[in-house]
């Protein structure tokens, strides 16, 4: 375990962040065009990417600790930012890890904005659906034993009883 392995994990994390960002964009596109039948699948895809990120974060934390130990940085569970601050100034890792951190922070910011926008769109869709359902109840009513609705309209007879 070492800095190279940590860098490889950070690349994987960046790829997963990109995947999550993509899946949020797909969800937004579906919400924009009103394709509600795919909403659950999009939400499941987002949750799957989030779960993968959580697992990878655990592996990254272990690697960060291993690199910190290699560098004689005596901090328990250091963050990537703390590890960067402790990086040897004469090696490439300061710049490499700083680049990873900048890219991941930018992705996280975009993901946060996408989640917020998608959340607003989902709440609006739910509100619209509730209003539609509430409004349709006044017109349709319920059927009575006589085949009429409680609003007095005649029910359509689809099948007649031959008996």
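In our numbering, the protein residues as written are 1190 to 1352. Note that the Cβ used here is the ideal one computed from N, Cα and C, for glycine as well.
For the alpha helix (DSSP H) holding residue i, just list the boundary residues, first then last.
i            : result
residue 1222 : 1192-1222
residue 1149 : This structure leaves residue 1149 out entirely; the chain is present only between 1190 and 1352.
residue 1274 : 1269-1274
Indicate whether residue i and residue j have their beta-carbon atoms separated by less than 8 Å.
i            : j            : result
residue 1241 : residue 1195 : no
residue 1249 : residue 1198 : yes
residue 1293 : residue 1214 : no
residue 1253 : residue 1283 : no
residue 1256 : residue 1323 : no
residue 1212 : residue 1307 : no
residue 1303 : residue 1236 : no
residue 1269 : residue 1245 : no
residue 1228 : residue 1219 : yes
Exercise for the section: Evaluate contact between the stretch 1263-1276 and the stretch 1219-1230, counting only Cβ atoms and requiring at least three cross-stretch pairs below 8 Å. Expected result: No, the stretch 1263-1276 is not in contact with the stretch 1219-1230.
Handout entry: Stretch pair the stretch 1290-1305 + the stretch 1205-1220: three plus CB contacts closer than 8 Å
Key = Touching, yes.
Exercise for the section: Scan the stretch 1280-1305 and note each continuous beta strand (DSSP E) run of 3 residues or more that stays entirely inside, going in chain order. Expected result: None, since the stretch 1280-1305 contains no complete beta strand (DSSP E) of that length.
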